[in-house]
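Under the working numbering, the first residue of the sequence shown carries the number 3, and numbering increases by one thereafter.
Heads up, the thing below is written out as C-alpha cells.
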Amino acid sequence: MVKKINWRRLAVRATMVALCCAFSIISYAEEFMSVSEVQPGMTGYAKTVTHGTDIESFPVEILGVMKNSGPSGDLILAKFSGPLIDQTGGIAQGMSGSPVYINGKLLGAIAYGWSFTNSKIGMITPIGDMLKLWNVPSKEEIQPFNARETSLVPISTPLMASGFDAASMAWMQEKLPQYKFVPVDTATAATDNAAFPLEPGSSVAAALVNGDLKLGAIGTVTYIDNDHIVAFGHPFLKKGSINYFMHNAYIFTIVNSMSSSFKLGSVGAEIGKIEQDRGAGIAGEYGRLAPGIPVIIHVHDDDTGAQSLKRVKIIEDNELTPVLTATSVYNVVNKTIDRSGGGTVEFAYTIRSSKGRDKDITRHNMYYSEDNVNEKSIDELYNVLDILKHNEFIDYPILDVDMSVDITQAKKSARIIAATAAPVVASPGDTIYFKVTLHPYRGADEVKTMTYTVPEDQPFGTMMLEVRGGGIVPLPYLIEKQRYNLTDEIIERLRHFKDFGQLKKEIETNDANNDLVIEPLDPGVSMINDGHQTMKKEKIKGKEPAEPSKDIIKPAKKGVVEETDGDKKSTLSTPYIVTGDGQIGIKIVSKEKRDALLAKSHQLNEGKAIIGEEPDNTDDAAAVENSGLLGKQSSANKKGSHDNKDNSSKDDRSVIFSGY
C-alpha cells in the first residue's frame, strides 16, 4: 500500500513539534577555548552517539596545533582513546562534529583524520571558526558548482539511502563523480517520525531528499545557541549558501570496514534547515523547514499491472536538483517494474516554476531501448531540468515536478514505408495533403493522414519537405554534419536563443519520438535536385557532396543551429516511436500558374514515394544518433547504404526514405 504524504499537514506538524521541542532546548552559554590557549598535553573529552540517540563521551588528549592547515584556518591535532574508541576502531565517519571540551570549555569539533580508518589520531576544527558560519550572509543565487577541499575533506562521503536501490545510486554517482559519494543502504527506525530536540553530541542529518525516499549524510552537533546549530566541523559538499533539510538521526551501529568506519543510521524526522555548508562545517536553524521541491512520481508497468505513487522533496540547487530528481524517478521505475532490460517507455511531465505559470514546462515523449529502458525514462527529464537550472536568461526556482511513466517490454515502434502528397504544385498559403504509411513492428500497416500549410512568405521555386519520425535527424543533415565534422557539442555551442520565452518554446515544441513530422528542409542540404533532373544515387550515399551550406558552418539565417520564431512544421502524435525519413519536392508558384499547371497535368495532383531497400534493423540502440536540445533518441541510419534500385523518380514528385 502506497503511503501518501500530505505536505502541508506534515510541515505544520513538524513545525509545531519542533517549536514545542525548542522550549526544551537548553541555551548553551558555554565558555569557549581559543586556539591561543591550547597547549600540548591538555586532556578533556568528546561527546557523540554510537547507538540510538544516547550521547556518550570518550577521552581526548591534545598533541599540538597545525597552523593554517584547515580550509578555514588552524586545526588542532589530538589523540582519542577509551573503551568507546576501542570498540569503534577509531574515529568513524559520522563522528565528525563531535564537540571537544578542555577544562570545561568548548574547544571545537572532531573533523578530520587520515581517511578515518582505524584512526585514533585526528584533527579538531576550532569552535571560533565554526561560529563564523552564523554570520555569513545567505545569497539568493546559488552557484551551480563549488570546488571542494581535497586535502582534508574525508575521501568519501557516506550517504544514508532509505528506499533507493543500487542501480539508481550508481547512476547518481556517475552524474556527480566530483563528490565521491558512497551511498549506504540503511534501515528505518521506529522513532523516525518523531522530532527530538538537539544538543551538543546529538546525531544530526543533512538531507538532500526526504519523503517516501530519503538520502542524507549523518554527523554530530557541535554547539547550539537557542535555535541555531553548528555541526560536522568540515564541509558536507561545500556548497556555501544552501538549503539542506535538517533531520534527526538514529544510529544503529558503527560499521568497521577496510576502507573507512562509519555510523550506520536512519534519517529521521525533519526538524529544520541547513543554511551554510563551508570549510568549518555546516550551520542551520532548528524549527524552520527548508522549502524544497515536491516531486510526485507515478509509474505503471503495462505488462504486470504494477504501479507506484511516490512523493519526495528535493533540495533546490542548480547542480543537484536535476540529478536528485532524475535519480528518484529512476529508482521508483526500477522498483515498480522489478526487472532490467529493454522495452518502451512513455512519459509525461510538468515542471512548474515559482515565477508563474507562464514559465511552466510540460512535455511528453516515448523512447525505446534494447538494453536499459529504465535509463531512458529519466534522460530527458534530467536534461530539461539541467537546461532550466543553468539557462542564461533568468533564475528558475522550481515550485514542483509531476511525472507519469508507463513502461512495457514490447517494442512499440513503426517505420515509414510510404507517403504521398497532393498536390505537388502549390502557392503560398495552400494546404498540401499527405498520406503516410507506417509499418509497426510485427504489426499491420497503418495509414496516417496529415496536412501541411505552405507558409505565406514561402518564395517561389522548389520547396523540399521532409517527412520523418519525431526523433529522426534528417539524413541530409547527418551527411552535412559528417562532412564538416560538426559534433553535437559544436552544434549546441552555435545554438542561440534570444530570451527565455524562446528557450521554453523550444523545449515544449521539440519533437517527440512518437511524432510524425512534416517540415521544410533548409536550402542547400536537400538530397533531391531542385531542377528537373533525376536524383543521383551517389548523392544519396554522400559520395558526391553538394555545395557547402554556409548556414551549417556559421549560423546566419536558419541553419540547423539557429532557432527561428516561425513554426513552419506539421506534427501528428502516434502510439509508436516513428523511424525513417524522406523528402518530396513541392513546386511553389503563383496562384495563376498553379491553376494552369494542375489543369494541364493531372500527375501533379499527387506525388508518390520511392522507397529505398533497407533492412529492418531491430536494434534501435545501434542506430541512435544523439542530437537536438534534449539529446533525443533519433534513428537515421548511419551506414550510408541508401541506394535505390529503382531510381526513376522524376521532377518534383521524388520522395526518398531512410530507416530500418
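Glycine included, C-beta positions come from ideal geometry on N, C-alpha and C.
If you reduce the DSSP assignment to three classes, tell me which class residue i lands in.
i: MET452; result: strand
i: GLN180; result: helix
i: GLY99; result: coil
i: GLU290; result: Per the sequence shown, the amino acid found at residue 290 is Arg instead of Glu. In the structure shown, ARG290 sits in coil (DSSP, three-state: anything other than H, G, I, E or B).
i: PHE499; result: coil
i: GLY661; result: Residue placement at GLY661 is flagged as unreliable, the pLDDT there being 32, under the threshold of 50; a coordinate-derived value is accordingly withheld.
i: ILE220; result: strand
i: ALA598; result: helix
i: PRO446; result: According to the sequence as given, residue 446 is Ala; it is not Pro. Three-state result, ALA446: coil.
i: SER379; result: helix
i: ALA196; result: coil
i: PRO85; result: helix
i: MET174; result: helix
i: GLY203; result: coil
i: THR2; result: No information on residue 2 is available, as it lies outside the stretch 3 to 662 that the chain covers here.
i: LEU505; result: helix
i: VAL37; result: helix
i: LYS593; result: helix
i: ASP187; result: strand
i: GLU468; result: strand
i: ALA285; result: strand
i: THR511; result: helix
i: THR50; result: strand
i: LYS122; result: coil
i: THR306; result: coil
i: ASP76; result: strand
i: ASP227; result: strand
i: ALA168; result: helix
In terms of alpha-carbon separation, which member of the options lies closest to residue i?
i: LEU311; options: MET248, PRO430, VAL335, LEU77; result: VAL335
i: GLY54; options: LYS500, LYS378, ALA251, THR329; result: ALA251
i: THR45; options: ILE434, ALA601, VAL102, ASP167; result: VAL102
i: ASP583; options: LEU440, PRO296, ILE57, LYS506; result: LEU440
i: ILE419; options: ARG470, LYS49, ASP340, TYR332; result: ARG470
i: ALA446; options: GLY473, PRO457, THR422, ARG417; result: ARG417
i: SER74; options: THR327, HIS236, MET465; result: HIS236
i: HIS392; options: PRO139, TYR225, LEU505, GLY307; result: LEU505
i: ASP388; options: ALA328, LYS337, THR422; result: ALA328
i: GLY431; options: SER379, ILE220, ARG313, LYS570; result: LYS570
i: MET35; options: PHE60, ASP56, PHE82, MET132; result: MET132
i: ASN376; options: ASP397, TYR332, ILE353, THR338; result: TYR332
i: TRP136; options: SER355, LEU401, ARG290, HIS230; result: HIS230
i: ILE339; options: LYS69, ARG444, ASN374, LEU322; result: ASN374
i: ALA233; options: PRO128, GLY294, SER415, ASP459; result: PRO128
i: LEU326; options: ARG341, GLU39, GLY358, LEU383; result: LEU383
i: SER170; options: ALA48, ASP360, SER415, ILE380; result: ILE380
Locate the beta strand (DSSP E) running through residue i, then write down its first and last residues.
i: LEU215; result: First-last for LEU215: undefined, no H or E at that position.
i: ALA113; result: 107-114
i: HIS230; result: 230-233
i: HIS236; result: Looking at the DSSP string, HIS236 is not in any beta strand (DSSP E), and its letter there is neither H nor E.
i: HIS604; result: Where HIS604 is concerned, there is no enclosing beta strand (DSSP E), given that its DSSP letter is neither H nor E.
i: ALA350; result: 345-355
i: GLU458; result: First-last for GLU458: undefined, no H or E at that position.
i: ILE253; result: 242-257
i: PRO522; result: 517-522
i: ASP303; result: 295-303
i: LYS265; result: 264-280
i: THR573; result: 572-575
i: THR581; result: 579-581
i: SER310; result: 309-316
Looking at the secondary structure, which residues open and close the alpha helix (DSSP H) in which residue i lies?
i: THR338; result: 322-339
i: GLY72; result: No alpha helix (DSSP H) contains GLY72, which is instead part of the beta strand (DSSP E) from 56-72.
i: MET132; result: 129-133
Flag residue i as yes if its beta-carbon sits less than 7 Å from any beta-carbon of chain D, otherwise no.
i: MET171; result: Note that chain D does not occur in the displayed structure, where there is just one protein chain.
Count the C-beta pairs between the region 200-209 and the region 176-191 that are closer than 8 Å, then say yes if the count reaches three, no if not. no
Inspect the CB distances between the region 291-309 and the region 395-410 and report whether three or more fall short of 8 Å. yes
Just checking, does the region 573-583 make contact with the region 507-523 on the three C-beta pairs under 8 Å criterion? yes
Which ranges would you report for the alpha helix (DSSP H) in the region 368-420 if only whole runs of at least 4 residues count? 375-391
Can you confirm whether the region 362-378 touches the region 212-226 when touching is taken to mean that 3 or more C-beta pairs between the two stretches lie within less than 8 Å? no
Can at least three beta-carbon pairs, one atom from the region 423-439 and one from the region 452-462, be found at a separation below 8 Å? yes
With contact counted as at least three CB pairs below 8 Å, one residue from each stretch, are the region 104-115 and the region 267-277 in contact? no
Would you call the region 421-428 in contact with the region 586-605, where contact means no fewer than 3 C-beta pairs closer than 8 Å? yes
Closer than 8 Å is the cut-off here; do at least three beta carbon pairs connect the region 236-247 with the region 308-322? yes
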